[in-house]
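Read through the structure below, which is laid out as structure tokens, and then see the notes.
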Amino acid sequence: MKIALICDWFHPRVGGIEIHLQGLAESLRAAGHQPEIITATKGNGREYGFPVHRLDVPVKTRFGFITSPAAFRQAAVLLKKGSFDVVHCHGSILSPLAYGCLYVAKNLQIPTVVTCHSVLHYYHLLFSILDGLFGWSKWPVIFTSVSPSAARIMSKAGRIDRVYVLPNAVRESPWRRPRLPRPREDLTLISVMRLSIRKRAHLLIKMIPEIILLTSPRRVRLIIVGDGTQRNSLDRLIRSLGLQEIVELAGIRSQEEIADLFSGADIFVLPTSQEAFGLAALEARVAGLPVVGMRMSGLQHLIEDGKEGLLATDDEELVRHLTALIQNDALRERIALHNRTVSTTWTWQSSLARHLEIYEKAVRKSGQDRSKKEPSR
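Residue numbers (the numbering used here): 2 to 378.
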């Protein structure tokens with residue numbers, strides 16, 4: 002099967018969608034399929050083992066959004082020439098290339114799947130207006146999201162009758178590393194996220210003084226991996242709280258570097274309440290770290306509470322969970338041992354099978370739609 006994977010973003014930009022796309026393309030290729038990526042992100046010369054088509058269009062640098070309709074014309078040319086069996090568009094809340102190419106693929110009558118990688122809370126009105134203009138919820142497209150909770154919200158926000166779950170996945174081997182030795186009283190919290198307001202890094206930083214007070218004499222530090230629009234304001238917040246020696250903004254790191262940081266950390270924390278899946282949390286769990294996060298996020302589907310980590314219903318409980326894991330060595334080590342020795346079910350082997358099943362659904366749905374439109378003879 003030949004599959005076009007379309008997304009506004011891809012490497013060298015680093016984030017959950019970009020990592021997922023690479024993993025999906027590699028898994029498809031290893032299974033004998035022909036994936037090709039179409040993106041607006043500029044390249045850096047790296048080869049990936051599968052074709053990456055980078056559209057020659059201007060993008061808004063801060064967000065990586067396309068700013069020219071030429072992107073859709075270029076994508077249409079690639080889709081026509083490529084003779085693809087399926088188009089799979091990957092989007093977030095605002096992804097003009099991915100969502101615009103739904104229309105392109107529909108007009109070309111190519112079976113199409115779209116996956117939303119974000120939680121669409123508070124976007125009901127916007128999507129209702131768009132649906133009123135374009136009627137896309139009735140197109141012969143398979144709509145998917147990355148977790149059951151995100152799928153329910155997408156169905157409501159988009160007025161879509163059926164949204165399938167098409168989860169992210171992880172390869173375990175890159176994350177299974179020996180633990181680095183450290184002083185017993187030193188504990189490192191680590192988080193991996195884009196530095197945007199909705200990821201709530203600022204709230205996590207504001208929790209640190211209280212956590213330090215509650216867990217003294219333990220020496221606690223926090224490493225936040227990632228970059229984004231809030232970087233400068235987070236720097237100012239750290240200085241205003243006097244946490245320069247305790248909180249480190251580590252910037253963008255490679256998978257190899259993040260795996261090394263995980264091997265020297267003790268607890269992974271993700272404060273985001275609007276997280277559709279939580280790929281970084283899954284990677285940390287595979288690396289053997291107890292995971293602390295919000296129960297209402299996509300982590301509710303990934304992390305078994307009390308066995309793989311601790312899930313909080315609010316910010317106060319998040320502080321209590323972090324404090325408990327810092328103070329209680331037996332609890333922390335029990336969860337860490339489980340995560341180091343028990344494989345996750347969220348692997349590419351199972352996720353790839355689900356992707357191929359969804360692609361076949363798209364092919365059947367597209368064929369049924371065409372047969373309805375063809376005049377009887």
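Every residue, glycine too, gets a C-beta built ideally from N, C-alpha and C.
Secondary structure of Phe-269 (DSSP, three-state): strand.
Taking the CA atoms as reference points, Ala-77 sits about 11 Å from Ile-39. Counting only the Cα atoms, Leu-22 lies some 12 Å from Pro-13.
Excluding the 5 residues flanking it on each side, Phe-278 has same chain C-beta neighbours closer than 6 Å at Val-147, Ser-148, Asn-169, Gly-299, in chain order. Of Leu-244, Ser-119, Asp-132, Leu-223, the smallest CA-CA separation from Arg-199 is found for Ser-119. Rounded to the nearest angstrom, the gap between the Cα atoms of His-356 and Leu-167 is 7 Å. Look at the beta carbons and you see the region 130-147 touching the region 105-115: at least three pairs across the two are nearer than 8 Å. Restricting attention to beta strand (DSSP E) runs no shorter than 3 residues, the region 21-47 encloses them at 35-40, ordered along the chain. When rounded, the separation of the alpha-carbon atoms in Met-2 and Ser-255 is 31 Å.
Here the alpha carbon of Cys-90 sits roughly 28 Å from the alpha carbon of Arg-296. Residue burial is scored here from C-beta neighbours: Ser-352 has at least 16 other C-beta atoms within 10 angstroms and is therefore classed as buried. Beta-bridge partners of Asp-330 (DSSP): none assigned. If one requires a minimum length of 4 residues, the alpha helix (DSSP H) runs lying completely within the region 188-230 are 202-216, in chain order.
By the Cβ-count criterion, Val-53 is buried, with 16 or more other Cβ atoms from all chains shown falling within 10 Å of its own Cβ. DSSP places Met-295 in the strand class (E or B) of the three-state scheme. DSSP, read as helix, strand or coil, puts Val-320 in helix. A Cβ-Cβ distance of about 34 Å is found for the pair Leu-190 and Val-164, leaving them out of contact under the 8 Å criterion. Glu-361 and Thr-113 have their C-alpha atoms roughly 10 Å apart.
DSSP links Cys-90 through a beta bridge to Ile-7, Val-115. Between the alpha carbons of Arg-341 and Ser-69 lies a gap of roughly 47 Å.
Ala-354 carries a helical assignment under DSSP once its states are collapsed to helix, strand and coil. One Cα belongs to Val-364, the other to Thr-345, and the distance between them is close to 30 Å. Taking a C-beta distance under 9 Å as the contact criterion, Ile-209 and Leu-244 qualify as a contact pair. Annotation: Ile-154 is outside any beta strand (DSSP E); the continuous alpha helix (DSSP H) that includes it extends over 149-159. Fewer than three Cβ pairs drawn from the region 155-163 and the region 322-337 lie within less than 8 Å of each other, which leaves the two stretches out of contact. The Cβ-Cβ distance between Ala-313 and His-322 falls below 9 Å. Between Ile-259 and Val-193, the CB-CB gap stays under 9 Å. In the DSSP assignment, Ala-251 falls outside any alpha helix (DSSP H) and lies within the beta strand (DSSP E) extending over 248-252.
The DSSP-derived three-state label of Arg-55 is strand. Counted as a single uninterrupted DSSP element, the stretch harbouring Ile-143 is not any alpha helix (DSSP H) but the beta strand (DSSP E) occupying residues 142-146. Taking 8 Å as the upper bound for CB-CB distance, Ala-251 and Phe-269 are not in contact here, some 14 Å apart. Beta-bridge partners assigned by DSSP to Tyr-165: Thr-145.
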